[in-house]
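*Asks:*
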Amino acid sequence: MTDSILFFFEVLVGGLLSGTMYSLVALGFVLIYKASSTFNFAQGAMVFFAVLSFCGFMEYGMPFGVAFFAVVLLMILVGLLTERLVLRPLMNQSEDTVLMATIGLGFVLEGLAQAKWGVEVRKLSLGIGDFPIPWIADNLKLFISALDLTAGLVAFVMILLLTLLFKYTKIGLGLRAVADDPGAASSIGIPLKHIMLLVWSAAGVVALVAGMMWGARAGVQFALIELALKALPVLIIGGFSSIPGAIIGGLLVGAVEKVLEVYIGPYFKGGIEAWAPYMLSILFLLYRPEGLFGEKIIRRV
Amino acid sequence: MKPVFMKYTKADIVNFVVLLVIGFLVIPNVITTDYWYTSILIPWLCLTLAALGQNIVMGYTGQLSLGAAGFMCAGAYACYNMMLRIQDMPFLGALVLSGLIAAGLGIIFGLPSLRIRGIYLMVATLASQFFIVWVIDKFGWFKNYDVSGSTTFQKININGVAFTSGHMMYLLVAAIVVVITLLAINMARGSTGRNWMAVRDMDIAAESMGVSLLKTKLQAFAINAFLCGIAGALYTYTYLKTVEPFAAFNISLSFKIMFMAIIGGLGTISGAFIGAAFILLFPVVLNAIGNNVFHGMIDATIISAIEQVVFGGLIITLMIFEPLGFAKLWETLKQKVIRKKS
Chain X
1216 MTDSILFFFE
1226 VLVGGLLSGT
1236 MYSLVALGFV
1246 LIYKASSTFN
1256 FAQGAMVFFA
1266 VLSFCGFMEY
1276 GMPFGVAFFA
1286 VVLLMILVGL
1296 LTERLVLRPL
1306 MNQSEDTVLM
1316 ATIGLGFVLE
1326 GLAQAKWGVE
1336 VRKLSLGIGD
1346 FPIPWIADNL
1356 KLFISALDLT
1366 AGLVAFVMIL
1376 LLTLLFKYTK
1386 IGLGLRAVAD
1396 DPGAASSIGI
1406 PLKHIMLLVW
1416 SAAGVVALVA
1426 GMMWGARAGV
1436 QFALIELALK
1446 ALPVLIIGGF
1456 SSIPGAIIGG
1466 LLVGAVEKVL
1476 EVYIGPYFKG
1486 GIEAWAPYML
1496 SILFLLYRPE
1506 GLFGEKIIRR
1516 V
Chain R
-10 MKPVFMKYTK
0 ADIVNFVVLL
10 VIGFLVIPNV
20 ITTDYWYTSI
30 LIPWLCLTLA
40 ALGQNIVMGY
50 TGQLSLGAAG
60 FMCAGAYACY
70 NMMLRIQDMP
80 FLGALVLSGL
90 IAAGLGIIFG
100 LPSLRIRGIY
110 LMVATLASQF
120 FIVWVIDKFG
130 WFKNYDVSGS
140 TTFQKINING
150 VAFTSGHMMY
160 LLVAAIVVVI
170 TLLAINMARG
180 STGRNWMAVR
190 DMDIAAESMG
200 VSLLKTKLQA
210 FAINAFLCGI
220 AGALYTYTYL
230 KTVEPFAAFN
240 ISLSFKIMFM
250 AIIGGLGTIS
260 GAFIGAAFIL
270 LFPVVLNAIG
280 NNVFHGMIDA
290 TIISAIEQVV
300 FGGLIITLMI
310 FEPLGFAKLW
320 ETLKQKVIRK
330 KS
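Those protein sequence lines, which keep their order, are chains X and R. Counting the first sequence from 1 gives a position; our numbering is that position plus 1215. Quick note: the second sequence, position 45, residue 34 per our numbering, numbers continuous.
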């Protein structure tokens, strides 16, 4: 292979793998949307909140596993409070109202995290380096970061687990029923509250994992929120209600933005990454508003 | 009450005159410190304009949009370049033209609203935010090839009168805000406003009643962008003066303007004023409390974090209890007082 083709593949693979990080954030969105038809704008803030708390707990001297477990408990608490204080009072309100409330929720979480842990950039070390894996570099002549690869694997495992959960367990069936028609679901005895709590907790755990991956790469800092915003175009491309969609969307966004940045960016002094995902999502909206894997939206008067 | 003039009641007109007297006679005579003009009144009025635009598109027409800062940036730089490149360009003319340029961009970025709504539309409008600011930042022409990366805006001079003191700039901005608010009130009360609200409440039904979705939605986006464009130009010329696009017109400004519209009250004109005042003044008050009561013992980062928690919490609370925001609360309060009197 010639060098330029090799370089292209390197850029592409790098983009695809870093795209899985978007997928991880998007996954949290999909989870909540699938179970409650709520767009949770606060997912990005949850990522920030979770990983910042994780760093904070580590600074208190907790070992890795304990800190992880503590944050999981914390995220369950967040889910509990959100269900009780935000979602339940807003039941039967319009989608837009709930969406705006979750924007508010996002600000609350961001503020709380910063009030408790401060604003300085923290380094998070997972013991996985953000440098090319020597074996692949030697044998395939591709430079692929170990962190990217780990993020990809983690994303893959999570998708597998979540898909199994949704498709083959009783809880998953309940989740789907609630998403379809909360009223009917609760009338046949599906515990709505528990389902919501479960989903928000799961989204919290997903947020923590996503945050740890992002934090290991870019440092744990406020800028994570802007990165997490890119999960929105990912969702539009993949479809809001589809777990595989979140993954494919993330891959696509990651690859496109990286390729554009590397090949076209230099002509414009860079920065294309900042808007490319959004423009891509507009293109999708014009031709396929429901996304790649989303359910077609039918609205009736 | 019987309408007196153009379907406005006597009370409406009295209120309006009272506000005019306060704005143009009382405030300029009572307030003498420049700080109040340059740091509070001017940014408040500028951001009120943007919040008004946001309210028209979000509150009246029901289209979630999150790109106000992008349009503000476009308006600011359109004005800058016209003043710079066209000889003897009158400032007010440049202001209106930059509003129109922003409106054009608003129509382009509003196009997706014809097919999508809710969060989908929000993401599409986010594109305008990131793309417009990026274009202005990366193409040197817009910034007149300033190597520092920032732009210093010209001094305002209308017919030989220099608007440089806080006092003068306040009067200029206030006059513009009055004119635009009157236009907005009239639009919102007329058939235009009724079409907006019909689209908001149920667009399919509105369409089947003969309301053109294309026209109504794009009109709302255009007016939103027009107001944001003018607000952006005024904001830079009278308040920021030296601007770095990425820093001044970032996503958090868009969020702020969105919050102004929500907290003030969606679908109300007065809400824009109340919301902008609250969002601007609350941090000032909080900082003052931090400095005077706790004597700087509370870290500035904690204060800004508290600010975020309060804004977010307030939005959740309002969504649950009073989706029409502070403007509606104010109305209810007024009604109660009047009822008690009689």
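Every residue gets a Cβ at the ideal spot worked out from N, C-alpha and C, and that includes glycine. Treat the numbers as computed from the prediction; the structure is a model and nothing was measured.
Measuring only between beta-carbons, confirm whether Trp1415(X) sits less than 8 Å from chain R.
*Replies:* no
*Asks:* For the stretch 1445 to 1456 of chain X, list every residue whose C-beta sits within 7 Å of some C-beta in chain R, in sequence order.
*Replies:* Leu1447, Pro1448, Ile1451
*Asks:* When the cut-off is 8 Å and only beta carbons count, does Pro312(R) lie next to chain X?
*Replies:* yes
*Asks:* Which bits of chain X does Val298(R) rub up against, with CB to CB less than 8 Å?
*Replies:* Phe1322, Val1323, Gly1326, Leu1327, Ala1330
*Asks:* Could you give the uninterrupted runs of the beta strand (DSSP E) lying entirely in the stretch 4 to 90 of chain R, keeping only those of 3 residues or more?
*Replies:* none
*Asks:* Identify the contact partners of Trp1490(X) in chain R, using a Cβ-Cβ distance below 7 Å as the criterion.
*Replies:* Ala116, Phe119, Phe120, Trp123
*Asks:* What's the call for Thr153(R), buried or exposed, on a 16-neighbour Cβ count within 10 Å?
*Replies:* exposed
*Asks:* For the stretch 1244 to 1259 of chain X, enumerate the residues whose C-beta is nearer than 7 Å to any C-beta of chain R, in chain order.
*Replies:* Phe1254
*Asks:* Kindly identify the DSSP beta-bridge partner or partners of Val150(R).
*Replies:* Ile147(R)
*Asks:* What's the gap between the Cα of Gly1342(X) and the Cα of Pro1278(X)?
*Replies:* 14 Å
*Asks:* Ends of the alpha helix (DSSP H) at Phe1254(X)?
*Replies:* Here Phe1254(X) belongs to no alpha helix (DSSP H), and DSSP marks it neither H nor E.
*Asks:* Straight-line CA distance for Leu1239(X) to Phe120(R)?
*Replies:* Per the coordinates, the alpha-carbon of Leu1239(X) lies some 25 Å from the alpha-carbon of Phe120(R).
*Asks:* Given Val1293(X), which residues of its chain have a CB within under 8 Å of its CB, disregarding the five upstream and five downstream residues?
*Replies:* Only Met1261, Phe1264, Leu1324, Trp1415, Gly1419 meet the Cβ criterion.
*Asks:* For Phe1264(X) and chain R, any beta-carbon pair shorter than 8 Å?
*Replies:* So no, Phe1264(X) is outside the interface.
*Asks:* Using a C-beta cutoff of 8 Å, does Val112(R) count as contacting chain X?
*Replies:* Chain X, which has a Cβ nearer than 8 Å to the Cβ of Val112(R), makes this yes.
*Asks:* Looking at the secondary structure, which residues open and close the beta strand (DSSP E) in which Val1477(X) lies?
*Replies:* No beta strand (DSSP E) holds Val1477(X); the alpha helix (DSSP H) holding it covers 1458 to 1478.
*Asks:* Do you know whose CA, among Glu1510(X), Val1477(X), Ile1462(X), Lys1445(X), lies nearest Met1494(X)'s CA?
*Replies:* Lys1445(X)
*Asks:* Is there a C-beta anywhere in chain X that falls below 8 Å from the one on Met308(R)?
*Replies:* yes
*Asks:* Give the straight-line distance between the Cα atoms of Ser1309(X) and Gly149(R), rounded to the nearest whole angstrom.
*Replies:* 53 Å
*Asks:* Going by beta-carbon coordinates alone, are Gly1486(X) and Lys330(R) separated by less than 8 Å?
*Replies:* no
*Asks:* From which residue to which residue does the alpha helix (DSSP H) around Val1293(X) run?
*Replies:* 1279 to 1297
*Asks:* Quick one, which of Phe300(R), Thr22(R), Leu30(R) has its alpha-carbon nearest Pro272(R)'s?
*Replies:* A check of alpha carbon separations from Pro272(R) across Phe300(R), Thr22(R), Leu30(R) identifies Phe300(R) as the nearest.
*Asks:* Verify the CB distance criterion: does Gly1315(X) have a CB-CB separation below 8 Å to chain R?
*Replies:* Reading off the sequence shown, one finds Met at residue 1315(X), where the question assumed Gly. Cβ-Cβ to chain R under 8 Å: yes for Met1315(X).
*Asks:* Counting only beta-carbon atoms, is Phe1508(X) nearer than 8 Å to chain R?
*Replies:* no
*Asks:* Does Leu172(R) get closer than 8 Å to chain X when you measure Cβ to Cβ?
*Replies:* no
*Asks:* Taking Cβ positions, are Asn44(R) and Leu322(R) nearer each other than 8 Å?
*Replies:* Result no, Cβ atoms of Asn44(R) and Leu322(R) do not sit closer than 8 Å.
*Asks:* Can you find a CB in chain R that lies within less than 8 Å of the CB of Tyr1237(X)?
*Replies:* no
*Asks:* Any contact of the stretch 160 to 167 of chain R with the stretch 4 to 23 of chain R, i.e. 3+ C-beta pairs under 8 Å?
*Replies:* yes
*Asks:* Val(-7)(R) lies in the beta strand (DSSP E); which residues open and close that run?
*Replies:* -8 to -6
*Asks:* Can the beta-carbon of Ile1497(X) be found closer than 8 Å to that of Ala58(R)?
*Replies:* no
*Asks:* Residues of the stretch 1469 to 1484 of chain X with a CB closer than 9 Å to any CB of chain R: list them in chain order, please.
*Replies:* Under the 9 Å Cβ criterion, the stretch 1469 to 1484 of chain X contributes Phe1483, Lys1484.
*Asks:* Between Ala151(R), Arg178(R), Cys217(R), Ile147(R), which lies nearest to Ala67(R) when the distance is taken from Cα to Cα?
*Replies:* Cys217(R)
*Asks:* Relative to the C-alpha of Asn213(R), which candidate in Gln297(R), Phe131(R), Lys(-4)(R), Ala261(R) has its C-alpha closest?
*Replies:* Ala261(R)
*Asks:* Determine, using beta carbons only, whether Pro1188(X) and Leu1412(X) come nearer to each other than 8 Å.
*Replies:* Outside the shown range of chain X (1216 to 1516) lies residue 1188(X), about which nothing can therefore be said.
*Asks:* Please tell me whether Gly199(R) and Gly253(R) are closer than 8 Å, where the distance is taken between their beta carbons.
*Replies:* no
*Asks:* Touching or not, the stretch 1455 to 1470 of chain X and the stretch 1284 to 1293 of chain X, by the rule of three or more beta carbon pairs under 8 Å?
*Replies:* no
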